[in-house]
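Student: I have a structure here, written as structure tokens, and I will follow up with some questions on it.
In our numbering, the protein residues as written are 414 to 685.
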């Protein structure tokens, strides 16, 4: 990764990507124990030395030297997409790799690849999790990202969605817009339980407004995904017990107007 020539740098990035991907692959040439050792070793490279791990500095140096090369940016994004298979997203956000991903959105050739990076991070934000709303508790978990890092990531995804305006004159962007919308929905669905405990109200409102905007986008699939994500967020929202002038405030799902939807899906909603 420290090579001053673009060729060796590309090869090094590719090798690191393959190594990260091998951690989750069922390979005959690598035992489960060996895969765990590889993942632990890669994680250690992102943790030590504290403050400025060599691998982080090497990746940043490659971008500084060859950031104008589209192929280099593509390889770095591919590595960022593969890393959550071996390294907690907490470390990637802690080293502000989301700013590296933003570089991809500045290139029309790398935008869709950059979206796949965010999709991988959204799914494994609190560790591997496949079921909607069943992330970690978000408290005391060594793999849980810092709240300010999560807020930075959610704000970036919400901004990306805000730029996705349907234009009948530019239908070639339709697929990309749907990709971004699905990333937002997956982010909310996969991490609803944790978001309910760690996200400040303002950031939760940002996600909610972004999901609402999807309901105005001409895509039935996005409408279904957005509604499902809204239900997940409301279902895992913390109870509101604050009283104003002696009157208890209603629960979040009532305030958001999805009580009927939750009831129809079989969730018991306590309406005051």
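Here a beta-carbon is modelled for each residue, glycine too, at the ideal position from N, C-alpha and C. Please read all numbers here as calculations on a predicted model, not as lab measurements.
State the CB to CB distance for the pair residue 492 and residue 426, rounded to an integer number of angstroms; the pair is presumed to be in contact (CB under 8 Å).
Tutor: Yes, they are in contact, since the Cβ atoms of residue 492 and residue 426 sit about 5 Å apart, within 8 Å.
Student: Compute the Euclidean distance between the alpha carbons of residue 533 and residue 582, then round it to the nearest angstrom.
Tutor: The straight-line gap from Cα to Cα measures roughly 31 Å.
Student: My output table needs one value for residue 540: the three-state DSSP class, helix, strand or coil.
Tutor: Strand.
Student: Please determine, among 567, 556, 521, the residue with the shortest C-alpha to C-alpha distance to residue 531.
Tutor: Nearest C-alpha to residue 531: 567.
Student: How far does the alpha helix (DSSP H) with residue 448 in it extend, from its first residue to its last?
Tutor: Residue 448 -> alpha helix (DSSP H) spans 445–460.
Student: Can residue 609 and residue 646 be called in contact, C-beta distance under 9 Å?
Tutor: Yes, these two residues count as a Cβ contact at 9 Å.
Student: Buried or exposed for residue 470, please, with buried defined as at least 16 other CB atoms from any protein chain shown within 10 angstroms of its CB.
Tutor: Exposed, since its Cβ has fewer than 16 Cβ neighbours within 10 Å.
Student: Is residue 519 near the ligand PLP, judged by its Cβ being under 8 Å from some heavy atom?
Tutor: Within the structure as shown, the ligand PLP is missing, as the structure has no ligands at all.
Student: Would the region 474–490 and the region 417–426 be scored as touching if the rule is three or more Cβ pairs under 8 Å?
Tutor: Verdict: yes, contact present.
Student: My assumption, with CB atoms under 8 Å, is that residue 590 sits in contact with residue 579. Please give the rounded CB distance.
Tutor: That pair is a contact at about 7 Å.
Student: In three-state terms, what does DSSP make of residue 572?
Tutor: Helix, per DSSP.
Student: Considering residue 644, what are the terminal residues of the alpha helix (DSSP H) in which it resides?
Tutor: Looking at the DSSP string, the run of the alpha helix (DSSP H) that includes residue 644 is 633–648.
Student: Provide the residue span of the alpha helix (DSSP H) that contains residue 488, from first to last.
Tutor: It spans 483–495 - the alpha helix (DSSP H) in which residue 488 sits, taken as one unbroken run.
Student: Just reading off the alpha helix (DSSP H) that residue 479 is part of, what are its end residues?
Tutor: That run of the alpha helix (DSSP H) goes 467–479.
Student: Looking only at its chain, what residues have a beta carbon closer than 6 Å to the beta carbon of residue 546, apart from the 5 residues adjacent to it on each side?
Tutor: Here the model assigns residue 546 a pLDDT of 41, short of 50, so the residue's position is not dependable, and the following value carries that caveat. For residue 546, where only same-chain residues beyond five positions count, the Cβ hits under 6 Å are 605, 606, 645, 649.
Student: Just verifying my parser: in three-state terms, what is the DSSP assignment at residue 589?
Tutor: Three-state result, residue 589: helix.
Student: Using a Cβ-Cβ cutoff of less than 7 Å, which residues in the same chain neighbour residue 495 once the five nearest sequence positions on both sides are dropped?
Tutor: Cβ neighbours of residue 495 beyond the five flanking positions: 430, 433, 434.
Student: Taking residue 558 as the reference, which of 520, 529, 511, 515 has the closest Cα?
Tutor: Residue 558 has its Cα closest to that of 511, out of 520, 529, 511, 515.
Student: On the premise that residue 570 lies in contact with residue 600, defined as a C-beta separation below 8 Å, what is that separation, rounded to the nearest angstrom?
Tutor: 6 Å between Cβ atoms; contact.
Student: Compare the beta carbon distance of residue 626 and residue 575 with 9 Å and say whether it is the shorter of the two.
Tutor: Yes.
Student: How would you write the range of the alpha helix (DSSP H) that residue 617 sits in, first residue to last?
Tutor: 614–627 is the span of the alpha helix (DSSP H), which, as asked, contains residue 617.
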